[in-house]
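Asker: Quick one: the structure is below, questions incoming.
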Amino acid sequence: MTAPDPHVLAPGLAPTPFSAAEIRAGCPAGRVSIVRTPDGLTAIRFAEGDDDGAWIEDTPLDETGKPSGPVERERSTWLELQEHAAFPVEHTRIDRCELLGPLEQRRCLRYTVRRGEATLVFWFAVDLPGMPIRVERTEGGVTRTTLEVIRVGF
């Protein structure tokens, strides 16, 4: 008998790019991702982790990279983090690709997900388990980048 695929969370869902265990291994305490969104820069830091999950700190940054607001701290389980990338299989296409961006050239899994009138594209770097390194949204013929990781450090 074969063990269930840890990337498939439920029937009808596409496989996630990373299992909860892979996210845990790839996001040790001290990992920081600097993320650009339409609202500006944010540092997302894994502050502490254990077998079940992690405390994650989000800090708004100014354009020079200095903190510009209060730190928000929240606990998430590794499974909850995996669930963020669980999309309905009938609305999801998964491709392997290369992405050239602020993190240099990265091998990625690209998830193209239809949500109503919008199409979302998520790029997950295969060597950086966790959040996507880029997200684009297309709606009404207009495509905009809604998230881009510009730096990752440990």
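The working numbering puts the first residue of the sequence shown at 1252, with every later residue one more than the last.
Built from N, CA and C at the ideal position, the CB exists for glycine as well.
Buried or exposed for residue 1348, going by 16 or more other Cβ atoms inside 10 Å?
Answerer: exposed
Asker: Taking the alpha carbon of residue 1344 as the reference point, which residue from 1330, 1354, 1372, 1280 has its own alpha carbon closest?
Answerer: 1372
Asker: Whose C-beta lies closer than 6 Å to the C-beta of residue 1376 among residues of the same chain, with five residues either side of it excluded?
Answerer: Around residue 1376: 1357, 1359, 1384.
Asker: Could you tell me which residues DSSP pairs with residue 1297 in its beta bridges?
Answerer: 1307
Asker: Compare the Cα-Cα distances from residue 1309 to each of 1367, 1318, 1301 and report the closest residue.
Answerer: 1318
Asker: How would you write the range of the beta strand (DSSP E) that residue 1347 sits in, first residue to last?
Answerer: DSSP places residue 1347 inside the beta strand (DSSP E), whose first and last residues are 1343-1352.
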